[in-house]
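These protein sequences, in sequence, are chains F and W.
Mind the numbering: the first sequence is residues 88 to 232 in our numbering, read in order.
Mind the numbering: the second sequence is residues 646 to 1162 in our numbering, read in order.
Virtual Cβ for every residue (Gly too), placed ideally from N, Cα, C.
Note that the structure is predicted; figures quoted are calculated from it, not measured.
For reference, the structure is listed below as structure tokens.
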Amino acid sequence: MTTKIVIGLDGTETGERAIAFAKDLAGRIGECELLVVYVIEWSPFTFQTPEENAMRHKRREEEVELATSRIIAPAVEALKAAGFEAQGIVRHGDVAETLNTITVENGGSQIVVGRASADGFKKRLFGSSTQNLVMHADVPVTVVN
Amino acid sequence: MMSIQNKLGLAALAALAASPAAAQEAVGLDDKINQAFADFTGPFVSFIFAPFPGTGFPWIVGWLVVAATVFTLYFAFVQLRFFSHAISLVKGDYSDPNDAGEVSHFQALATALSGTVGLGNIAGVAVAVGIGGPGATFWMIVAGLLGMASKFTECTLGVKYRNEYEDGTVSGGPMYYMSKGFNELGLPGGKILAVLFSIFCILGALGGGNMFQANQAHQQIAGIVGDYPGWITGLVFAGIVFAVIVGGLKSIARVTEKVVPFMGVMYVAAALVIILMNADQIGWAFGQIFAGAFTGLGVAGGMVGALIQGFRRAAFSNEAGVGSAAIAHSAVRTKEPITEGFVSLLEPFIDTVVICTMTALVIIITQQLIVDPETGNYMLNEAGNAIATVDGNTGVSLTSAAFGSAFSWFPFILAIAVVLFAFSTMISWSYYGLKAWTYLFGEGHTKELVFKVIFCIFVVIGAAANLGPVIDFSDAAIFAMAVVNVFALYFLMKVVRQELASYAERLKSGEIRKFEH
């Protein structure tokens, strides 16, 4: 049975380290598929102007397009070029919750993420996405420093 | 706090007050704008508020209440049957995670609410209770509950018949369901209705959605810093609105959209605290509301007076049947237009049944309305057209005095809330007006700019004019939208019924089910 490892990227260099770690892990496991995920932070409970609402679908498409072309597609291509089986997913939502949901949906056995770079006040108040993921995930999580 | 406010206000006005002649000229300008405005809008206002022959009952109020009642019966009390389902939809229980990132039901509801929650809930209710007595509250709640069905009908149609453009943006609202819906059913005249609606929507946007707001915002600021010419507030507001809608300064709009909901929650919380502080009076207050609803308790016009005021302010506050919410809700991308209808029926409930009732209860419970101890009826003011109040307050100042009697600092919070509510309502209505404008004249940068500039000019006029002509014109323009909209809804309601039947069946069979989140 193929093992599936989910790699959560955040568009920073910590993501690169997460990929490197996952590659190493996959190499050791053998038959292994890598699922590269980028979650665009988004909440359905924010307040918007009517104009923002009218433009929302267009913006969403642009956001997905941007995340795919800049982050996910290059990562998936690089993994494939290195001989790994890889797929990419971009989705909106709460980062920790969505990463976990995607992992469960796709039968992933573990999640690898880079250490979050959230700063100062926000981190103290809400905890970083990484912390939330570690606390609430349904599968083992590896945080790469 | 007051001294700081006063000092700030005085400092700001020092330059203007430097020359008394200039100040006098400015006040003279206010009067001229006011008179010209009243003369110009008079015939239109008289027509909209004309009473049924031989009665004092405006036909337009009857028109809206009959419509709300018809929709309530036609959809077999949809507002009760699907109330909890509407809440589940707003919570996102039925939202597909793969659609995350699109406008959510919650966001559509919040956006539409920020266009309606505002001065109607604070000033409008005070006017209604001040003239119609506590009994007006009862009729206001009845109108709010019935209005939920009107909102449901128009918002479902708004989503169903919206235009989706290739670039992914959307335009929707009554003008689209009138033209496309009538066409689909093979009915003539849809286009004419759509054009008429658009004209009234532009007037409503400039009136209730703009001038009334600017006017009340000015009253609030003047109440704190002292009297000064309204056009000054108008210019400042117009500048900010211009920066947002023309200059694309989204940050101001975003801040407002975030602050306004908190203000709303705080307002309700403060009202609840005051009501609880006077817990022993709650029974008495409701007694007054029920007794007043059927006897008038001495108010001008008696029971009918209470009823007219209650219905009129509810309609103005929650805009059910007016068609504005249909424009706001049409931005949601959903496979089921009717879900947006369910969500929208919460609006009149939150706006009127909850928030307006809170305002009314606070005014009644803090005993701002003067009762004749001998008869137990309310005493009328000198003019005999409204109930005498403590210190003779009316409108926002009546609400402000009621809250201020419990918390001395609250009038300042209320003043900020009114200004912010006014601003967010203006932003919403600038969008509604713009959609009507582009429907008439086509989409395009220059065409849109023309409307936006006109909108800003009316901010200045609204702030400078007296409340009387402005409030009359605002109500008249918004009700004129309802005349056309409700007429169209009668023809299109069978489309909504088909959608409702199909959805209800699939919900029952389990085809439509909650997503695991």
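* Cα separation between W:E902 and W:I1072? -> Using only the alpha carbons, I get a separation of about 10 Å.
* Asked: For the stretch 114 to 163 of chain F, which segments carrying the alpha helix (DSSP H) assignment without a break, of at least 4 residues, lie completely within its bounds, in sequence order?
  -> The stretch 114 to 163 of chain F contains these whole alpha helix (DSSP H) runs: 137 to 154.
* To do: Answer with yes or no whether the minimum CB distance from W:T761 to chain F is below 7 Å.
  => W:T761 has a beta carbon lying at 7 Å or more from every beta carbon in chain F.
* Asked: Which residues in the same chain have their Cβ closer than 6 Å to the Cβ of W:S969, if we skip the five residues on either side of it in sequence?
  -> Counting only residues of its own chain and dropping the five nearest sequence neighbours on each side, W:S969 has a CB closer than 6 Å to the CB of Y1077.
* To do: Starting from the C-beta of F:A113, find all residues in its chain whose C-beta is less than 7 Å away, skip the five residues before and the five after it, and write them out in chain order.
  => Cβ neighbours of F:A113 beyond the five flanking positions: I92, C119, L121 and F171.
* **Test item: CB-CB of W:F797 and W:P819 under 7 Å** => W:F797 places its beta carbon 7 Å or farther from that of W:P819.
* For W:Y719, which of helix, strand or coil comes out of DSSP? -> Taken through DSSP and simplified to helix, strand or coil, W:Y719 comes out as helix.
* **Span separating the alpha-carbon of W:G760 from that of W:V967** => Linking W:G760 to W:V967 through their CA atoms gives a straight-line distance of about 13 Å.
* To do: State whether the stretch 755 to 774 of chain W contacts the stretch 1036 to 1049 of chain W, with contact taken as three or more CB pairs (one from each stretch) at a distance under 8 Å.
  => Counting Cβ pairs under 8 Å, three or more are found: they touch.
* Distance CB(W:S795)-CB(W:F702) smaller than 7 Å -> Between W:S795 and W:F702, the gap from beta carbon to beta carbon reaches 7 Å or more.
* To do: Tell whether a beta-carbon distance below 7 Å holds between W:G941 and W:G932.
  => Taking 7 Å as the Cβ cut-off, W:G941 and W:G932 do not qualify as a contacting pair.
* Residue from F:K145, F:A141 and F:V230 with nearest C-alpha to F:V200 -> It is F:V230.
* Asked: Is it right to say W:P874 is buried, meaning 16 or more other beta carbons lie within 10 angstroms of its own, or is it exposed?
  -> That one is buried.
* Asked: Quick one, are the C-beta atoms of W:S1075 and W:F1100 less than 7 Å apart?
  -> Going by C-beta atoms, W:S1075 is nearer than 7 Å to W:F1100.
* Asked: Where W:F697 and W:P833 are concerned, what is the direct C-alpha to C-alpha distance, given to the nearest angstrom?
  -> Whole-angstrom Cα-Cα distance: 29 Å.
* To do: Assess, as a yes-or-no matter, whether the stretch 993 to 1005 of chain W is touched by the stretch 821 to 841 of chain W under the definition of 3 or more beta carbon pairs within less than 8 Å.
  => Fewer than three Cβ pairs drawn from the stretch 821 to 841 of chain W and the stretch 993 to 1005 of chain W lie within less than 8 Å of each other, which leaves the two stretches out of contact.
* Asked: Apart from the five residues just before and just after W:S648, which ones in its own chain have a Cβ nearer than 6 Å to its Cβ?
  -> Confidence at W:S648 is low in this model, with a pLDDT of 36, below 50, so its placement is unreliable and the value that follows should be read with caution. No residues qualify anywhere along the chain.
* Asked: Which one or two residues does DSSP pair with F:Q197 in a beta bridge?
  -> F:Q197 is bridged to F:I92.
* **Within-7 Å CB hit, F:M222 to chain W** => The beta-carbon of F:M222 is placed no less than 7 Å from the nearest beta-carbon of chain W.
* To do: Answer yes or no: do W:G1003 and W:A916 have a C-beta to C-beta separation smaller than 7 Å?
  => Going by the sequence as given, residue 1003 of chain W is Met instead of Gly. When the beta-carbon positions are compared, W:M1003 and W:A916 come within less than 7 Å of each other.
* To do: Please list the partners that F:A154 has in chain W, where partner means a Cβ-to-Cβ separation under 9 Å.
  => Those within 9 Å of F:A154 in chain W number zero; the least Cβ separation is about 11 Å.
* To do: Find the residues of chain W that neighbour F:E148, judging by a C-beta separation of less than 8 Å, and give them in chain order.
  => The contacting residues are G813.
* Could you tell me whether any Cβ in chain W is nearer than 7 Å to the Cβ of F:G180? => Closer than 7 Å: yes.
* At least one CB of chain F closer than 7 Å to the CB of W:P982: is that the case? -> With 7 Å as the cut-off, W:P982 does not count as an interface residue toward chain F.
* Asked: Do F:N140 and W:A1046 have their C-beta atoms closer together than 7 Å?
  -> Going by C-beta atoms, F:N140 is not nearer than 7 Å to W:A1046.
* chain W contacts from the stretch 117 to 148 of chain F (Cβ-Cβ distance under 7 Å) -> So the close ones are I127, W129, P131, F132, T133, F134, Q135, T136, P137, E138, N140, A141, M142, R143, H144, K145, R147 and E148.
* Asked: Closer than 7 Å, Cβ to any Cβ of chain F: which residues of the stretch 959 to 985 of chain W, in chain order?
  -> Those would be A973, A976 and R978, in chain order.
* In terms of residue numbering, what span does the alpha helix (DSSP H) encompassing W:A771 cover? -> For W:A771, the enclosing alpha helix (DSSP H) stretches over residues V770 to G777.
* To do: Quick one: using the 10 Å Cβ neighbour count with 16 as the cut-off for buried, is W:K1153 buried or exposed?
  => That one is exposed.
* Asked: At what residues does the alpha helix (DSSP H) containing W:R978 begin and finish?
  -> If you look at W:R978, you'll find it isn't in any alpha helix (DSSP H); DSSP assigns it neither H nor E.
* If we cut at 7 Å on Cβ distances, does W:Y1084 have a partner in chain F? -> No, W:Y1084 does not count as interfacial toward chain F.
* Would you verify that the beta carbon of W:I896 is, or is not, closer than 7 Å to some beta carbon of chain F? => It should be noted that the sequence gives Ser, not Ile, for residue 896 of chain W. At least 7 Å separates the CB of W:S896 from every CB of chain F.
* Out of curiosity, what's the CA-to-CA distance linking F:G102 and F:V228? -> One C-alpha to the other measures close to 14 Å.
* Would you say W:A850 faces chain F, with C-beta separation under 7 Å as the test? -> Interface annotation, W:A850: not in contact with chain F, CB-CB separation never under 7 Å.
* Asked: Between which two residues does the alpha helix (DSSP H) harbouring F:I176 extend?
  -> Note, F:I176: premise wrong, no alpha helix (DSSP H); beta strand (DSSP E) at E172 to G180.
* Report yes if the C-beta distance between W:G852 and W:A1122 is below 7 Å; otherwise report no. => Yes, the Cβ-Cβ distance between W:G852 and W:A1122 is below 7 Å.
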